[in-house]
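Written below as structure tokens is the structure these notes are about.
Protein chains: 2
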Amino acid sequence: MTGQQGQGVVTGIGDDCAVLQVPSGQQLVVSIDTLVEGTHFLPGTAPRHVACRLLGAAVSDLAAAAATPAWLTLALTLPRSDPDWLEPFAAALAERATELGIRLVGGDTTRGETLTLSAQVHGFVPSGEALLRRGAQAGDRILVSGTLGDSRAGLETLLRPPAPHADVHYLQQRFYRPEPRLALARQLRPHVRAGLDISDGLLADLGHLLEASGLGADLWQDRVPRSAVLQRFYPRDALVWALSGGEDFELCLSVAAEEVPACLKVAERLGVLLTDIGCVTAAPGLRVLDAAGQVRTGLASGYDHFKDSI
Amino acid sequence: MTGQQGQGVVTGIGDDCAVLQVPSGQQLVVSIDTLVEGTHFLPGTAPRHVACRLLGAAVSDLAAAAATPAWLTLALTLPRSDPDWLEPFAAALAERATELGIRLVGGDTTRGETLTLSAQVHGFVPSGEALLRRGAQAGDRILVSGTLGDSRAGLETLLRPPAPHADVHYLQQRFYRPEPRLALARQLRPHVRAGLDISDGLLADLGHLLEASGLGADLWQDRVPRSAVLQRFYPRDALVWALSGGEDFELCLSVAAEEVPACLKVAERLGVLLTDIGCVTAAPGLRVLDAAGQVRTGLASGYDHFKDSI
Chain A
1 MTGQQGQGVV TGIGDDCAVL QVPSGQQLVV SIDTLVEGTH FLPGTAPRHV
51 ACRLLGAAVS DLAAAAATPA WLTLALTLPR SDPDWLEPFA AALAERATEL
101 GIRLVGGDTT RGETLTLSAQ VHGFVPSGEA LLRRGAQAGD RILVSGTLGD
151 SRAGLETLLR PPAPHADVHY LQQRFYRPEP RLALARQLRP HVRAGLDISD
201 GLLADLGHLL EASGLGADLW QDRVPRSAVL QRFYPRDALV WALSGGEDFE
251 LCLSVAAEEV PACLKVAERL GVLLTDIGCV TAAPGLRVLD AAGQVRTGLA
301 SGYDHFKDSI
Chain B
1 MTGQQGQGVV TGIGDDCAVL QVPSGQQLVV SIDTLVEGTH FLPGTAPRHV
51 ACRLLGAAVS DLAAAAATPA WLTLALTLPR SDPDWLEPFA AALAERATEL
101 GIRLVGGDTT RGETLTLSAQ VHGFVPSGEA LLRRGAQAGD RILVSGTLGD
151 SRAGLETLLR PPAPHADVHY LQQRFYRPEP RLALARQLRP HVRAGLDISD
201 GLLADLGHLL EASGLGADLW QDRVPRSAVL QRFYPRDALV WALSGGEDFE
251 LCLSVAAEEV PACLKVAERL GVLLTDIGCV TAAPGLRVLD AAGQVRTGLA
301 SGYDHFKDSI
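The listed protein sequences correspond, in order, to chains A and B.
Numbering-wise (UniProt numbering), the first sequence opens with residue 1 and increments by one.
Numbering-wise (UniProt numbering), the second sequence opens with residue 1 and increments by one.
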């Protein structure tokens, strides 16, 4: 997945501002994301994990808009200037930025008691083509990419470490190294009405999408995609984490029923799982249905997970 | 001073990304700036002061590039969700943003132990017209806007409060409420070779400008503009603070000698002080000359002031 790395950078790091050229016919898409040690990641997390988590989460917002990554600015607040932390962080940031097709063009480094990182990402979309939360229509199908709940399980393995096992590594990678669905979003864009990425949990984020259009949805819980690893390792929690765990950074899309086959074909070609989990309804409210088609109650829409946003 | 507030905002706050339209023929100019409580401002500082300080410093980087402000994103980390802090902060931020012609288009609010604010500012310049640090030539004159050292004196009145006096208010306003020299920079742009804003102190920032072109300068210390208030209130420290105090957010410009009269005319029309304080030399190194033309030694180029960047 390569973006527009390096394209349009007239003046990069080292002046008061970066000077940047947005290609003609394109709109600029921007998002800012903050990670705070002790809030979004555990104290003592390896700097390479912090870099991958920061960039993955930030660039996922560009994927959610079906944008192509271009430029990154970074505000870094550190308790002290520590080369043993800074060097591996910078190396991992540079490597992951290259993989994601985004280029560091500016930053500000300051001293403060708590390690705090804010990444602003900039990308392009052809004018008028950004994928937004609004635009869903009653009758649309709801598609999600990948599997959900793995990231929450990865956090669990850090909070309460189980015996070493290959699955633990998989789950921790899903927590530390979000993989923005850039190519999928861009190629699905012509077939999709509305979308976002799942950062607060499926129920909460699907709720945001529906709210933007004043609609509701029926969602079949058994269809919500869960990895084999998650179900084997945390069989009792898998469903709740898939519904409400958050930090998955997968896409949730509202698609006209007749466009679903085209979407599935795109996903298959890209080798990404894409699953139809329900439909948009004119009646407001998000209903989670069990295998018997009964509405489940008592599901928290915003699980109170490690990410404690205010 | 109105900027491009509201112009080009296709989708603002509330989606995964803001979608923005850069006007044709213009380049995008961006800068990110962080303030940390206890590092850049004193604990307990009134939220309106924090808002004005944050925006003024950030937008000053746009002025330094001779850009017109357009959009703002804000990453806010707070120890707790406190309406008594947030409401006056948001009100002051909105008011100051309107004054500076910049519009809030996105943000991220998180919880963390230390109050930390990162503002990314976005502006426009006509393509190829950004004012940069490089470009100075030997023989150029060095011009600075406004008076220097007031902000450092304002900090002093907070660290060691003197008896109440109208002058104290003036100096504190200079510390809390930087006034980006937006109109001056844009109107001087055709006459100027290189420039930046003074955030680290005149000597340090002029050093950055000279370094960008591999040049030196002779600077007459008695010409460095100091306010009557500063000289009356802190006669012993006034000169050192004007040279090295930092946080002034005035412009420092390198101008061909024959363009100086045009620059002074622009400044006069705008009612802004603009002072010729020295000249650029082919010999590297920054020499501060006293009234007798003798080179002063032992001047710290980067005063170790309250702003403790790393």
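Note that CB positions come from ideal geometry on N, CA and C, so glycine has one too.
Spatial neighbours of residue i in its chain, beta-carbon cut-off 8 angstroms, leaving aside the 5 residues before and after
i	result
Leu86 of chain B	Pro47, Leu78
Gly112 of chain A	Thr77, Leu78, Pro79
Leu273 of chain B	Ser145, Gly146, Thr147, Pro225, Ala267
Thr11 of chain A	Cys17, Ala18, Val19
Ser60 of chain A	Pro178, Pro180, Arg181, Asp197, Ser199, Phe249
Leu286 of chain B	Leu203, Leu206, Gly207, Leu210, Gly216, Ala217, Leu219, Ser301
Gln294 of chain B	none
Val260 of chain A	Arg141, Leu143, Asp276
Ile13 of chain B	Leu104, Val105, Gly106, Gly107
Cutoff 6 angstroms; reference residue i; Cβ partners in own chain excluding five residues on either side
i	result
Gly278 of chain B	Ile142, Ala217, Asp218, Leu219, Trp220
Ala262 of chain B	His191
Gln187 of chain A	Val266
Gly154 of chain A	Leu171, Gln172, Arg174, Phe175
Val229 of chain B	Asp167, Tyr170
Val288 of chain B	Leu219, Gln221, Arg296, Leu299
Tyr234 of chain B	Ala153
Outcome for residue i when other beta-carbon atoms lying within 10 angstroms are tallied against a minimum of 16
i	result
Pro178 of chain B	buried
Arg103 of chain B	buried
Pro83 of chain A	exposed
Leu159 of chain B	exposed
Gly44 of chain B	exposed
Gly56 of chain B	buried
Ala119 of chain A	buried
Thr2 of chain A	A caution first: Thr2 of chain A carries a pLDDT of 48, below 50, which makes its placement in the model unreliable, though a value can still be read off. Result: exposed.
Glu247 of chain B	buried
Ala185 of chain B	buried
Ile32 of chain B	buried
Ser227 of chain B	buried
Glu156 of chain A	buried
Arg232 of chain B	exposed
Gly101 of chain B	buried
Arg96 of chain A	buried
Arg189 of chain A	buried
In DSSP terms, what residue i is bridged to
i	result
Leu286 of chain B	B:Ala217
Thr109 of chain A	A:Leu76
Gly9 of chain B	It should be noted that the sequence gives Val, not Gly, for residue 9 of chain B. Answer is B:Leu20, bridged to Val9 of chain B.
Arg296 of chain A	A:Val288
Proximity test, residue i beta-carbon vs the ligand SAM heavy atom, cut-off 7 angstroms
i	result
Leu93 of chain B	With respect to the ligand SAM, the structure shown offers nothing to examine, as it has no ligands at all.
Contact under 8 angstroms by Cβ, residue i with residue j
i	j	result
Arg133 of chain B	Ala194 of chain B	yes
Gly123 of chain A	Leu72 of chain A	no
Cys17 of chain A	Ala67 of chain B	yes
Ala183 of chain A	Leu264 of chain A	no
Ala138 of chain A	Ala282 of chain A	yes
Gly107 of chain B	Leu74 of chain B	yes
Asp200 of chain B	Arg174 of chain B	no
Leu203 of chain A	Ala136 of chain A	no
Ala130 of chain A	Val29 of chain A	yes
Val121 of chain B	Ala58 of chain B	yes
Val125 of chain B	Val9 of chain B	no
Gln21 of chain B	Ala70 of chain B	no
Thr34 of chain A	Thr110 of chain B	yes
Ser254 of chain B	Val280 of chain B	yes
Gly214 of chain A	Pro161 of chain A	no
Ala256 of chain B	Asp140 of chain B	yes
Close Cβ partners of residue i (< 7 angstroms) along its chain, the five nearest in sequence each way excluded
i	result
Ser127 of chain B	Gly25, Gln26, Gln27
Pro164 of chain B	none
Val36 of chain A	Thr114, Thr116
Leu42 of chain A	Leu158
Leu196 of chain A	Ala64, Arg133, Asp205, His208, Leu209, Cys252
Ala291 of chain A	Asp222
Ala92 of chain A	Pro47, Arg48, Ala51, Cys52
Pro23 of chain A	Gly8, Phe124
Pro88 of chain B	Pro47, Arg48
Segments of 4+ residues assigned as alpha helix (DSSP H) that fall wholly inside the UniProt domain "PurM-like C-terminal" (137 to 288) of chain B:
150 to 159, 166 to 176, 182 to 188, 202 to 213, 228 to 233, 238 to 244, 260 to 270
If we require 4 or more residues per run, which alpha helix (DSSP H) segments fall completely within the UniProt domain "PurM-like N-terminal" (14 to 125) of chain A?
47 to 64, 83 to 100
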